[in-house]
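Take a look at the structure set out below.
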Amino acid sequence: MTSQVSSPAEQTDAALVGEQRASGNGAEGKEVRRLDRVIIRFAGDSGDGMQLTGDRFTSETASFGNDLSTLPNFPAEIRAPAGTLPGVSSFQLHFADHDILTPGDAPNVLVAMNPAALKANIGDVPRGADIIVNTDEFTKRPMAKVGYATSPLEDGSLEAYHVHPVPLTTLTIEALKDFGLSRKEAERSKNMFALGLLSWMYHRPTEGTEAFLRAKFAKKPDIAEANVTAFRAGWNFGETTEDFAVSYEVAPATKAFPTGTYRNISGNLALSYGLIAAGRQADLPLYLGSYPITPASDILHELSKHKNFGVRTFQAEDEIAGIGAALGAAFGGALAVTTTSGPGVALKSETIGLAVSLELPLLVVDIQRGGPSTGLPTKTEQADLLQAMYGRNGEAPVPIVAPRTPADCFDAALDAARIALTYRTPVFLLSDGYLANGSEPWRIPDVDELPDLRVQFASGPNHQLADGTEVFWPYKRDGQTLARPWAVPGTPGLEHRIGGIEKQDGTGNISYDPANHDFMVRTRQAKIDGIEVPDIEVDDPADDSGQGARTLVLGWGSTYGPITAAVRRVRRSGERIAQAHLRHLNPFPRNLGEVLARYDKVIVPEMNLGQLATLLRARYLVDARSHTQVSGMPFKAEQLAEVFKEAIND
């Protein structure tokens, strides 16, 4: 779904709850209120289709031209027991008429499909918010499953909220009575009824959803039309019922973005497209050797669809085989990728070390999740940083790149490929579950905006012996990058050894010489240290006297959105605070030490127990203050804003 927007204009984040700007009456006589932002959360059983419902609402919102940010949240179990708290699945969407950065701290509207969904999410809902509940599910047995002794719809516990009781199941079955479906089959469309109701409430387009349903169920036209009918019934219910006396408009974000063609995109999809673009810009076949693991599997699924772009995907029997195949493809002259999450990185560590020794380009994509061990497969975390930095035997330095938003995953993939190809090294790309599953608008770049990643393979001898003989030395290095030549196997005259045993400098022969090993270790480290990365940019607006802030917030990866939203709030309250964000974590930007030294206080928010802060303290001897969270959920902007204010005034 794409849309056009007009020229840019910087706008600040709005207040916590959508601000009412104007109101009027709709054509049907109901009041229409205009808001600048709304946060909606769909919640239900994992079989209720909440992710699909959220995706469709998001797609229509993107096509309408709003800025948006999403947070899918689903259980790790394939099918948790129905109606239980562990089985609750939710999808939160924040959309606005201006630039926004996060999925929002708290929903203005909660759609609860059953008692479990209500109980699991009510703690996040602020007083005065709207709650739409499926009353058909609030019977004795479903309520008992989650510990409700009495109905929360009747005992006064929801008096602080605007509760809209809607018999979604009954209304859906009634709307589909002419389709000849069983009750169970008809019930499955209740999520479309809810989607239709919310689409009416917020004036979302409907044509795209109807077309999507007909395409999705093209082989079952009766089911397709039943879902379309349920969707329309939900829309009509909102338009005619007296319980919903107000609908809302959120105007397109016409001033939030540069002019261009935009589409809604998730982090994993953006990363997949970035890898494909990297392969094309390098004029190399793209090879993915992977083993399915949450939350990285979507990349394997997506890349498997694009054989027409020179992409070959291999689903291996395990993590070790996946990276082994990828490294073999790199040796053979492909842009090689392996995708995984934290537990898979541990299994791949020996082969990553081999790639360091062989000095071949390889992208290791780690979509981080909660750990240790199996941990929290569907929840987010940033706790693989030290594993990426040091999780191999011996001195095996590897560059690390981290995207900051879902759309930024595209550019980060290109950047990681640039480093791998230019410096002949494996590169870690550290995304996480929040970025992978979340989505936002992405401006589709023109091809001429993409970097030229083409490389030259070795084609002949590159060294002359003392007797004048010309030979090929596989470890003779480029004077600027220290990269060794990339020799495609089968090229006449370029035969050379590979393997994990230490190589002699230049010749590549096996060497146990202590001095040579010391030299090779230091050379490999110098190669990584010498990688060209941009200087870190600091956002530090000076006051009228030209005085900047004394406190710096430094983040990395997916903390960018919550940190930036929190910094905006702090500045609106009159405090001065600076912000910087790291994309390159190894090597660090060359000016990072100088930047850190300029500030009295440095705060480092991370979704781990302080891994970046540990690196900063060790490298720069700076008193970096950690603010950490390992709940499996992203930071909330208001929470961070309070932390920053306390640090400023400490």
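Using this note's numbering, the first residue of the sequence shown is number 3, and each one after it goes up by one. Where a beta carbon is used, it is the ideal one built from N, C-alpha and C, also for glycine.
Whole beta strand (DSSP E) runs in the region 565-617 with 3 or more residues, listed along the chain?
580-584, 586-588, 603-608
State yes or no: is the C-beta of Val40 within less than 8 Å of the C-beta of Tyr204?
yes
Run through DSSP, which three-state label would Tyr622 get?
helix
Note the first and the last residue of the continuous beta strand (DSSP E) segment covering Phe316.
313-317
So, using beta-carbon positions, are Lys670 and Val165 closer together than 8 Å?
In the structure displayed, the chain extends from 3 to 652; residue 670 sits before or after that span and is not available.
Distance, Cα to Cα, Arg190 vs Lys179?
13 Å
With Arg265 and Trp444 assumed to form a contact (beta carbons below 8 Å), what rounded beta-carbon distance in angstroms separates them?
6 Å
Let me check understanding here. Comparing Cα to Cα, which of Ser268, Phe637, Ser633, Asp652 lies closest to Leu378?
Ser633
Please work out which residues of its chain come closer than 7 Å, Cβ to Cβ, to Thr500, disregarding the five sequence neighbours upstream and downstream, and give them in chain order.
The question names Thr, but residue 500 is Ile in the sequence shown. These residues qualify, in order along the chain: Phe333, Leu360.
What does a CB cutoff of less than 6 Å around Gly563 pick up in its chain, not counting 5 residues either side in sequence?
Leu103, Thr104
Buried or exposed, going by whether 16 or more other CB atoms sit within 10 Å of the CB of Asn136?
buried
Span of the alpha helix (DSSP H) holding Trp202?
192-203
So Val230 is in the beta strand (DSSP E); what residue range does that whole segment cover?
Val230 -> not in any beta strand (DSSP E); alpha helix (DSSP H) instead, spanning 223-242.
Just verifying my parser: in three-state terms, what is the DSSP assignment at Phe679?
Only positions 3 to 652 of the chain appear in this structure, which leaves residue 679 out of reach.
Going by other Cβ atoms of all chains shown within 10 Å of its Cβ, with 16 needed for buried, is Pro83 buried or exposed?
exposed
Would you report the Cα separation of Glu648 and Ala220, rounded to the nearest angstrom?
57 Å
List the residues that DSSP assigns as beta-bridge partners of Pro167.
Val135
Could you pull the start and end residues of the beta strand (DSSP E) that Asp413 belongs to?
Element bounds for Asp413: not the beta strand (DSSP E) but the alpha helix (DSSP H), 410-425.
So if DSSP puts Trp444 in a beta bridge, which residue, or which two residues, is it bridged to?
Arg265
Is it the case that the region 509-516 contacts the region 465-484, given that we only count it when at least three CB pairs across the two stretches are under 8 Å?
yes
Just the C-alpha distance for Ala284 and Ser274, rounded to the nearest angstrom, thanks.
15 Å
How would you write the range of the alpha helix (DSSP H) that His100 sits in, first residue to last?
Run containing His100: none; DSSP gives neither H nor E here.
Asp50 beta carbon less than 8 Å from that of Asn193
yes
Under 8 Å, do Gly85 and Asn116 count as touching if we go by C-beta distance?
yes
Would you kindly check if the distance between the Cβ of Ala327 and the Cβ of Ala336 is under 8 Å?
no
Given a cut-off of 8 Å, decide if Pro297 and Ala409 are closer than it, judged by their beta-carbon atoms.
no
At what residues does the beta strand (DSSP E) containing Tyr250 begin and finish?
248-252
Let me know if Ala151 comes out buried or exposed under the rule of 16 or more other beta-carbons within 10 Å of its beta-carbon.
exposed
For the beta strand (DSSP E) containing Thr72, name the first residue and the last one.
69-75
Using DSSP with H/G/I as helix, E/B as strand and the rest coil, what is Arg36?
strand
In the DSSP assignment, what are the bridge partners of Ala338?
Tyr289
For Val657, the residue or residues it bridges with in DSSP:
This structure leaves residue 657 out entirely; the chain is present only between 3 and 652.
Closer than 7 Å by C-beta to Arg185: which residues in its own chain qualify, once you throw out the five before and the five after it? Chain order, please.
Ile175
Taking C-alpha atoms, which residue in Glu504, Ala489, Arg282, Gly269 lies nearest to Gly330?
Ala489
Can you give me the start and stop residues for the beta strand (DSSP E) that Ile301 sits inside?
Where Ile301 is concerned, there is no enclosing beta strand (DSSP E), although the alpha helix (DSSP H) it sits in stretches over 299-305.
Quick one: grab the DSSP three-state call for Lys186.
helix
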